[in-house]
Every structure is written in C-alpha cells, then in structure tokens.
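A.B. asks: Once you know that position 192 of the sequence shown is 216 in this note's numbering, the rest is easy, because the numbers rise by one and skip nothing.
Ideal placement from N, C-alpha and C gives every residue a C-beta, glycine not left out.
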Amino acid sequence: MESLYFSAIFYCVGGFALLVRFQLTSTPDRFWVWWWGAGLAISAFLKLAVTGSFDGVMIPTAGGLLLSLYARFRIPILSFFGIGWLACRFCLPISVLVLVNELVSQWGWSKYFLSELTLYLAQVVAFPLSVLYILCSTLSELPRFTIVYHKRDRALEVMRKEGNSVRPMVSIHVPCYAEPPDLVIGTLKAISRLDYENFEVLVIDNNTKDERLWRPVEAYCQLLGDRFRFFHIDPISGAKAGAINFALRNTNPDAEIIAVIDADYVAYPDFLSRFVPLFNDESTGFIQTSHDYRQWRENPFLSSVYFHYLIQQKTVHPALNEYGAGCLVGTMCLIRRSILDELGGWAEWSLTEDLELAVRIMALGYTGHVFAETWGRGLIPETMEGVKKQQFRWWAGATQEFMVHWRWYLGFDESTSLSVPQRSFRVLAFFKDFIRSIILPANMLLFLVCVYSILNDKKILLPAGVLLLMASLLLVLCIKIWIGVRKLNGQGVKDYFLTIMIKGALRWTAIVAFVVPVFKVSMPWVRTNKFKEAGNFSRAIKSTSVEVTIALVHCALALIILPYGDFVNFDLLAVSTIWMIAQGLLFMCAFVMAVTGEKALDVII
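1. For Q47, which option in G508, A614 and L583 has the closest C-alpha, if you only look at C-alpha atoms?
2. Using a Cβ-Cβ cutoff of less than 8 Å, which residues in the same chain neighbour M183 once the five nearest sequence positions on both sides are dropped?
3. Which residues bound the alpha helix (DSSP H) around R531?
4. Determine whether the beta carbon atoms of D305 and G402 lie at a separation below 8 Å.
5. Just reading off the alpha helix (DSSP H) that D278 is part of, what are its end residues?
6. What's the gap between the Cα of V550 and the Cα of C351?
7. Among residues of its own chain, excluding the 5 on either side of G608, which ones have a beta-carbon nearer than 6 Å to its beta-carbon?
8. Could you give the C-beta distance for L610 and G528, rounded to a whole number, given that I count them as a contact under 8 Å?
9. So what's D288 in DSSP terms, helix, strand or just coil?
10. In or out: M468 buried (at least 16 other Cβ within 10 Å) or exposed?
11. Is it a yes or a no for the stretch 360–371 touching the stretch 276–286, going by three-plus beta-carbon pairs under 8 Å?
12. May I ask you to verify whether the stretch 318–337 touches the stretch 507–527, counting CB pairs closer than 8 Å and requiring at least 3?
13. Taking D206 as the reference, which of A582, L581 and F555 has the closest Cα?
14. So is the beta-carbon of A265 under 7 Å away from any non-hydrogen atom of the ligand PLP?
15. Alpha carbon to alpha carbon, how far is Q319 from Q312?
16. Can you tell me whether P662 is helix, strand or coil according to DSSP?
17. Grab me the residues of V627's own chain with a C-beta within less than 8 Å of its C-beta, minus the 5 sequence neighbours each way, in chain order.
18. Which first and last residues belong to the alpha helix (DSSP H) in which R423 is found?
19. Look up C357 in the DSSP assignment and give the residues it is bridged to.
20. Below 8 Å on the Cβ atoms is my guess for K264 versus E377; work out the distance and round it to an integer in Å.
21. Have a look at G400, P342, D258 and G309 and flag the residue whose alpha-carbon is nearest the alpha-carbon of I385.
22. If I follow the unbroken alpha helix (DSSP H) through C630, where does it start and stop?
23. Is it true that the CB of Y433 sits closer than 8 Å to the CB of V451?
24. Spatial neighbours of L72 within its chain, please: CB distance less than 7 Å, with the 5 preceding and 5 following residues excluded, ordered by chain position.
25. Classify R253 as helix, strand or coil using the three-state DSSP reduction.
26. Are the stretch 86–101 and the stretch 158–176 touching by the rule of at least three beta carbon pairs closer than 8 Å?
27. Would you kindly work out how many angstroms separate the C-alpha atoms of S600 and L479, rounded to a whole number?
28. How is the alpha helix (DSSP H) around T601 delimited, first residue to last?
29. Among L485, S164 and G61, whose alpha-carbon lies nearest the alpha-carbon of A453?
30. Does the pairing of the stretch 248–262 with the stretch 225–234 give three or more beta-carbon distances under 8 Å?
31. What are the start and end residues of the beta strand (DSSP E) that includes C200?
32. For the alpha helix (DSSP H) that V394 lies in, which residues bound it at each end?
33. Tell me the rounded alpha-carbon separation between L180 and T49.
34. Measure the CB-CB distance between L28 and L493 and report whether it falls below 8 Å.
35. When you compare each of I535, F521 and P548 to P465 by their alpha carbons, which one comes out closest?
36. Once the 5 residues before and after L43 are set aside, which same chain residues still bring their CB inside 8 Å of it?
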C-alpha cells in the first residue's frame, strides 16, 4: 500500500510536467534530468507527509529507473523528457503488483478462491502486458514531448534536396459512390491544379444508380481532357477496394506510383511534387499524409469530431512512423505501383483496406512514411449517425485485420518481415480495444459484488492509496486530452469538453466494433453520406437509443447502491455509485452530441 501512495503522487507530478513541457517550446536535456529528479524527491516527501514514512518508495523508483535505462540505450529516439515520463508511468504497475501481493498475503488465498499458483500465473501474464502497454503508449502518446523525429527529419531533408529532380508518372485514383456531383467536381478541380505534370486521373463511380449524380462528373472529366478518365461501373463488388482495384487494372502501364484521393478531399497543389522524391529510395513502399477537414470550425458538433479524429492523426500516427509502424489511412496517400501489383491489389474483404494493405507492404520488408502535415482536406459527417458509421468502419476494420493476420503479430508465422515494433504496436492496439470492449461486463460484475456486499452486510473499505491512484489516472488523462486539443488550436474550455463528450458518445460504437469482427459477424461496407441534411430530432433519438438505454441502466444501478454507500470513508459501494453515475453520463453523451449535431444543421424537424 505504501508504494501506491508514492506512485500516485509521482504520476500527478508527471501530469504537471506534461503541462510545463507543453508551455516550454524548447528546453535543454539537463533541465528535464533535474526536473524528474526533483519530482521524484518531492513525491517522496509528499508521501512522507501523508503516511509518515518513506516506506514503499524504493521498489517503484528502482523499477522505473531500470526500465528507463533500458529504454535509453535500446530506444535512442526517446527524449530525456520521455525517459522521465516512462519512469513515472512505470511506477504504477509495480506498485499495483506490490499491493496485490500484500493484500493476498494479508487476507489469505482462499478468501478470493485463488490458489497461489493461479495468482502468480496471472501476474506473469499481466506484468509483461503492462510493460508493453506503458512502453508503447509512452512512445506514441504526446510524442512531440517524448521522442525525437529522426526518420521524419531525414525524409524532409531528402524532399528538400531532391525536390523536382524526378517526376515518375503518378496515377491518381478517385473512387466515388452516390456522391454530390459538385463535391466530386471540386475534388477534380483541385487535382487539375496540381503542380506536377506527369500524372493521370481515374475516376471510378461504382454502383451509383442515379444518373443525375454521376453524369455531371463524367462531363467534367471530358472537359478536363484526356488526362482524366471516368468509369461508371455497375455492378461491382468490394466497395471502395473493388473500385480502386478496377482502377489499378486500367492504370497506364507507365505509372510507377498510385495515389488515392477520396471524393470529398481537396488536395493542395504541391501534394505530388513534395512527396514523390521519397520513392527514389527503393525501400519506400507508401507515403501517407494526415487526414484533415474543412468547414467545421463554426459547428460545435463537427468541432468535437475534428479534435477527436485529429489528435490521433496528428500525433499518434506520425509517432508510429518513427518505429516503422505507421500505416495508410486511405486518402491523400501514395503507393509504389509494383508492390500493389505484387500483392494482388487491395483486399476487397476488408473494411479498412488501407490498413490491411500497409501491413502486407511492411510484411514484405518495405517501409512507409507517415506525416502529420496537412496536404488536403475533406468533410466530416454532419450527424452523430454518420460519425458512428464512419468510426465503426475504422475501428471494426482494424480488429478485422488483426483477426486475419494475428499469426504475423504473435510470431507464429515466420514468413513475414514485420519488425518487433510493428508487431508490438498492433498487439497493443488490439489489447486496448479489447479492454475497452469489456467495460459493460466489468460493470455488471462490479454491481454483483456490490449486491453481495449489501446482502451479506459486508463493508469493504477501499485503501486511500487506491482512491489516490484513481484520482491521479483521471487527472493525467484530462491533462493529455487538454494538451491534444490545445495543440490543434482548440478554443478554450468549450472545445475541451466537447471532445471529452464525443469520446464518451462513441463508447458503444467502440464496443460493437470490437465484438462484431471477433465473432465474425457479417459487416457490410457502409458509405458516409456527403449530402447536406436538415436537422432531425427523431434521427438523434433513433441513432443513440442503445446508448441511452445503457446510460439509464447504469443510473438505475447507481440508485440501487446509493443508500448503502459510505460517502465519508468511501467504501466500495460509495465508489461504485460514483462510477456507475459517471458511466451513465458518458453513455448519455451520445444523445447529447446527437442533438448538438442536429441543432447545428439549423432546422430541427
């Protein structure tokens, strides 16, 4: 228990360090060496003030320092701030491990229906997973603070030096299905203005039934000249992947690079000329620029989705690139044509054919480049219903891909060239999705424990160290979200809370997106609507009815437990009541955000 106090306090100090690092644009390494040393000492003395002793400081400190020393020599891109942050975070699982052993030793094995061997086996599994999680998340979360971008800087230097020295032919593929013609025409107009002379454009309209949607696009392609070729294919299977596979089969034989631009994306003129030089390196398999969006700033709902999407795109993905683990995200990307041909094109079974292709490219030993810079902007779905469909496709597609290629990641298939970081980050992503998906069963189990405690008149007091740990985790999580929003020029408290709410609103979508592909339930590819819509309150209710039901159930469970909780000493029942209410509020965010989205459409029917 003693070590838990220290680790929780040190973690809070680490959260404050994140805020300081965010405010300081440039600091010498020695500053952070002194900072973390002082933070360690301050945490130890605060622990002394709370408990009256230094007991429990040595073990987590030693564990954190050992992992940091290992990371310093094995992961050279880790900054000095990152080393200290890694040590700070690693103290937590060590303290939890010590606490579990203390409690079981004190209260006995049989009370928890556990054998000593069972507990040790659980620790053998859980501890390495916690090490993997902390190491990988430290390297990918808030990476501007924790790592040095050697790979990115080398790539930028290559682009600067080689510039316009080479101009291989690029074939740009623009898939579209039942899109507003003006939207697609705007995309093609931007492509026609690219500062690059050696390219062709293939527009593949797949399965659109209404001629009024695709005929204007066909006419505009004819107006742009022979460089733009339009295909209307109906029927064709495989959704977007099927369409761009068709384009691949009809690509000019001289094309060396394939570019994919979604029908709603407006590309910047320098998109091709800036990145094509990186393909001079024969090991380069693909290049991916960041998702970005337009027409969102004045809409509170779209603003929340923007920050939710872009924190990942602008921070995590470019960080993964430094370890060779960055992947394609489907638009504003470039792929070496010979590799696509070698792999047989895009996977038409996959909801995220982009991620799946990137994995197969890396499995061949090629590398990719993922950049945080914006080189084109698309549109965000205007309704909660649309965002849920889009987010489900992205999350479920990632799980679907893992279920197909899991042998590669776990080392059971030695035929691939995937590196340890590439495998580790995919395993971590799957593990995080799994943890997120079991929140409802875990909550029901917690409720049953509470019912057992009530029926048997057993009062379970939670150690103060556990409460402090929970508070520190919540505090640092809020700090990280705040920094992410501020880094994207978020405008104060409003954007911050909207971002938290949209994350809560998508929890049920995340659960379903994990469970459905794991159990191999059929998952049709659902397009994202790009047509302007009027507000519709009934749509908000219909699209979030499940989340509202879950929220009400959690609130009902909280009301059942509430009369029995000790809110002075904070026993298990009191903490569980607060937890259930918090869970209910998070799920209810789906309805609140759905209504916010509909109101932003001006007219609610």
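C.D. replies: According to the structure shown:
1. G508
2. R298, F299, P301 and L302
3. The continuous alpha helix (DSSP H) containing R531 extends over residues R531 to V542.
4. Their beta carbons are not under 8 Å apart, which means D305 does not touch G402 by this criterion.
5. The continuous stretches of alpha helix (DSSP H) do not include D278, and DSSP gives it neither H nor E.
6. C-alpha separation (whole angstroms): 22 Å.
7. A575, H578 and C579
8. 4 Å
9. coil
10. exposed
11. The stretch 276–286 and the stretch 360–371 touch, with three or more beta-carbon pairs separated by less than 8 Å.
12. The stretch 318–337, when compared against the stretch 507–527, does touch it at the 8 Å Cβ threshold.
13. F555
14. As far as ligands go, the structure on display features none, and thus does not contain the ligand PLP.
15. Answer to the nearest angstrom: the Cα atoms are 22 Å apart.
16. Limits of the chain in this structure are 25 at one end and 629 at the other, which puts residue 662 out of reach.
17. Bear in mind that a pLDDT of 48 at V627, under 50, signals an unreliable position, so the model cannot answer this.
18. Residue 423 is actually Thr in this sequence, not Arg. Segment M408 to Y433, the alpha helix (DSSP H) holding T423.
19. V284 and Q312
20. 7 Å
21. G309
22. This structure gives no information on residue 630, because the portion of the chain shown stretches from 25 to 629.
23. With respect to the 8 Å criterion, V451 and Y433 are classified as neighbours on the basis of their beta carbons.
24. F78
25. strand
26. yes
27. 16 Å
28. L596 to A624
29. Closest in alpha carbon position to A453, among L485, S164 and G61, is S164.
30. yes
31. V194 to C200
32. Premise fails: V394 lies in the beta strand (DSSP E), T391 to T398, not in any alpha helix (DSSP H).
33. Straight-line Cα distance between these residues: approximately 21 Å.
34. yes
35. I535
36. I503 and I507
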